[in-house]
Each structure stands twice: as C-alpha cells, then as structure tokens.
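For the sequence shown, our numbering begins at 240 and goes up steadily by one.
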Amino acid sequence: METNNNLFKEAYNLKIKHRGPKVYFRGLIEISNVCTKNCLYCGIRKGNPCVDRYVLPDNQVLESARFAIEAGYGSIALQGGERQDSEWVERIARLIREIKELGGTSQPLGITLSLGEQSSEVFRYWKQAGADRYLLRIEASDEQLYSKIHPSGTKNHSYSTRLQALYDLKSAGYLLGTGVMIGLPYQTRVNLDNDLKFFKELEVDMVGMGPYIPYELTPLGKLVAQWKQDKESSEFRGDFWNLSDKQLLNLSLEMVARLRCLMPHINIAATTALQVLDPLGREKAIMAGANVIMPNITVTEAKRNYNLYEGKPGLQDDAQATKDFLLKNLESVGAEVGWNERGDWR
Ligand code: SAH
Ligand code: SF4
240 METNNNLFKE AYNLKIKHRG PKVYFRGLIE ISNVCTKNCL YCGIRKGNPC VDRYVLPDNQ
300 VLESARFAIE AGYGSIALQG GERQDSEWVE RIARLIREIK ELGGTSQPLG ITLSLGEQSS
360 EVFRYWKQAG ADRYLLRIEA SDEQLYSKIH PSGTKNHSYS TRLQALYDLK SAGYLLGTGV
420 MIGLPYQTRV NLDNDLKFFK ELEVDMVGMG PYIPYELTPL GKLVAQWKQD KESSEFRGDF
480 WNLSDKQLLN LSLEMVARLR CLMPHINIAA TTALQVLDPL GREKAIMAGA NVIMPNITVT
540 EAKRNYNLYE GKPGLQDDAQ ATKDFLLKNL ESVGAEVGWN ERGDWR
C-alpha cells in the first residue's frame, strides 16, 4: 500500500508537469444499445434477451450535445453497440456534421466516437465528416486472453480484426484511444504488464481502462459467479478473479499510475466503472494520474437500458445532476476543470 501511495504521488506529479492540473470532460452520449456482437462480458451483447433495445432519435442526441456546449464540456463522446449497416453509417456521419455545426465555427465541440470495429473506409468517412478521436479498447492485448472473453470461431470477434481496426484508425488520422479491462477472469499480472507495453508500442493518444465488473446476465459473469461458489479448483483462473472491490480498485489505480509514468503526455480517462467500486473511484484515479472524465449526458430515459455491467452509477440522475455531483467530488480533491477546452495533447 505504501509503495502504491508513492507511485500515485509520482504519477500525479508527472501529470502536473507534463499536462498541468486540469481535468477535461467528454460528455458521454450512449446513442444506442443495439449491438451485432456477443462479447462474453458485456450486458448489452446481442444474445442477452433481457435488454430493452433503443436507438436515440436525432433530437435527443442533439439535445445532449447542446447541453455539453452550455455546460462548457468542450467535447462529447458518441458511444454505442457495434453496427456496420449503411443506414447506421450514414446516420452517424450526418449527426457528426450536425453536432459540429451546433458549436459554430468559433467553438466546435470535439467529437470522440466509440462505435466498435468498422472498415477503414467507414473510419475515414466519419473522420471526414468531422470526428476527432476514436476510442476502441483492445480489451485484452494478449491474444489468448482475448479469445477467452469473446465467442470463439466467429469472424466478428477476432483479435486480428480488432488490431487491424486500431491500425486503420491511426492511418485515418484520428487521435487514438484504446484500453483494457482490469481484473478479468484468466488475466494475470504479466498480462497487465504487457497491456501497458502494448499502449506504448501503439503510441496511443488516450487510454480508457477500468475494472471488469461481472454481470450475471452474461456468460463471463455467470462463470465468475460459479467460481465464487466453488472456490476449490485446479483449473487455471488467473490472478484476479476473486479480488475484493478494494483490491480491484487499487489494482486499477495502480495501472493508471504506471501508465502515467510510462506515457506522461497522453490523456488517461478516469473510467465510470471505477465508480462502481468506490463512489470516489474516479476522483482517486485523477489523484493517481488520470486527466479525463466522461460525464454521462444521455437522456435519462435511455441510459437505464445501457447496462454494460451491474450497478451502473447515476441511473436516475439527469445530465445537470451528474455534473453537479461530479463537480462537488472533484472539488473535494482539489481538481481543476478545463472548461470549454478540448484538452488534446497534440
Ligand atoms: N461497442 C463498442 C463501444 C461500447 S462498449 C465497443 O465494444 O468498442 C464500451 C466498453 O465497455 C467496452 O470496450 C468494454 O471494455 C466495456 N465493458 C463492457 N462490459 C463490461 C463489464 N462487464 N465490465 C467493465 N467494462 C465493460
Ligand atoms: Fe457490443 Fe461493445 Fe458490448 Fe461487445 S462490448 S457486446 S461490441 S457493446
């Protein structure tokens, strides 16, 4: 614990030196929970019949974007399930253009997309429409671990396709964000060490990594629940499947801090899943070297159906209440906000 406190301090100081004290906001719009994929960890996977599927209408997306402008957030992030049909591709392009126009030429909102794997043509098309950044987590940089947390033998869950998508995003000129889940079943300490190396080798601009939160309505969540029932087993389960919330929080903060030491200039998100483990999880990540937060600005009726995992925080809060709560917490740790700033490092 003592060593970690020193590590957190070192990471925080490096952040201040290279990036300054400010935290940058990306207002998160959960545009749709319709997904064509079946990732074994995710609550909105196609195979979960208990999800009320929605696609936000244009006016609700634009309403959230307007909120972001008025709130001084500087950027929004459009996130949703993965779809590659042309109707979706066109609609996203149109929305990107409309969102850019909302801010006028003097202060257009920064736009991050997090809409899964697409062809290189689609990545380019959305970039030309005005998107600035793309967030696509590698989820697990180890190919074997990746294959354990995705359905096997399906073309749209292949490690090499995911990796190629990251390269394509780079060539298309996006500021590139990736990340992993921490505490996955079968994951080891060595995997996490290699995840950090992976980010460095890929020279990413942003990393959003956070704890894996088991969800019983998913295959991986069921597996973890079973393991917890049956603690004695010779089967290899990895280093982290049975961590307490506190231990998992600490491991996640340690990853944030180590990454800041390795890549002092990049953007590192304090992810929402941290808040499931500790009400002040994100603020603790800010103190351990993170400098980006993605406050949810999705219309309240929709966001209760965007359940990637169990215990999603702030479900009842509207965008304003989410902002007030966050500001109070950030103030309590003495963090400054980069109002109306993009906060890109390049
Ligand atoms: N469909 C897109 C974006 C939405 S999912 C994509 O997959 O890239 C956004 C992120 O939620 C995923 O990258 C994954 O890392 C995270 N996620 C999904 N299920 C999770 C869980 N059970 N615990 C923690 N994070 C989870
Ligand atoms: Fe779909 Fe993304 Fe969830 Fe995978 S992680 S099932 S692609 S929303």
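Glycine included, C-beta positions come from ideal geometry on N, C-alpha and C. In this text, all values refer to a predicted model and were calculated from it rather than measured experimentally.
*Of all the options S353, L384, I377, which has the alpha carbon lying nearest to the alpha carbon of G477?*
Comparing alpha-carbon positions, the option among S353, L384, I377 lying closest to G477 turns out to be L384.
_N506 (DSSP reduced to helix, strand or coil)_ = strand
*asked:* Please tell me whether Y454 and G282 are closer than 9 Å, where the distance is taken between their beta carbons.
replied: Yes. Within cutoff.
*Would you say I532 touches the ligand SF4, meaning its beta carbon is less than 8 Å from a heavy atom?*
no
*Under a three-way DSSP split, which group does A316 fall into?*
strand
_Sheet register partners of I350 (DSSP bridge)_ = Looking at the DSSP assignment, I350 forms a beta bridge with I315.
*Grab me the residues of N243's own chain with a C-beta within less than 8 Å of its C-beta, minus the 5 sequence neighbours each way, in chain order.*
N489, L492, E493, A496
_Start-end ranges of the beta strand (DSSP E) lying completely within the stretch 344 to 424, minimum 3 residues_ = The DSSP assignment places 349 to 353, 372 to 374, 414 to 417 as complete runs of the beta strand (DSSP E) inside the stretch 344 to 424, in order along the chain (cut-off: 3 residues).
_Assuming contact is defined by CB atoms lying nearer than 9 Å, are L375 and A411 in contact in what I supplied?_
no
*Roughly how far, in whole angstroms, is the beta-carbon of I421 from the beta-carbon of E549, given that I think they are within contact range, below 8 Å?*
With 8 Å as the limit, I421 and E549 do not qualify as a contact, their Cβ atoms being about 17 Å apart.
_Residues sharing a beta bridge with G449, DSSP_ = M420
*Alpha-carbon to alpha-carbon, D517 and D484*: As the crow flies, the alpha-carbon of D484 is around 8 Å from that of D517.
*Where I338 falls: helix, strand or coil (DSSP)*: It is helical.
*Mind checking R543: buried by the 16 CB within 10 Å criterion, or exposed?*
exposed
_Contacting residues, own chain, Cβ-Cβ under 8 Å from K470 (five flanking each side not counted)_ = Excluding positions up to five away in sequence, the list reads N481.
_Is A512 near the ligand SAH - that is, is its Cβ less than 8 Å away from at least one heavy atom of it?_
For A512, the distance from the CB to the nearest heavy atom of the ligand SAH is below 8 Å.
*What distance in whole Å lies between the Cβ atoms of L279 and L341, which are believed to be in contact at a cut-off of 8 Å?*
Actually they are not in contact, since the Cβ atoms of L341 and L279 sit about 38 Å apart, beyond 8 Å.
*State yes or no: is the C-beta of M445 nearer than 8 Å to some heavy atom of the ligand SAH?*
no
*Just mark R333 as buried or exposed, buried being the case when its beta carbon has 16 or more other beta carbons within 10 Å.*
exposed
*If you pair each beta-carbon of the stretch 255 to 273 with each one of the stretch 317 to 335, do three or more pairs fall below 8 Å?*
yes
*Which residues in the same chain as I525 place their Cβ atom closer than 8 Å to its Cβ, once the five residues preceding and following it in sequence are excluded?*
V262, A509, I532, L569, V572, A574
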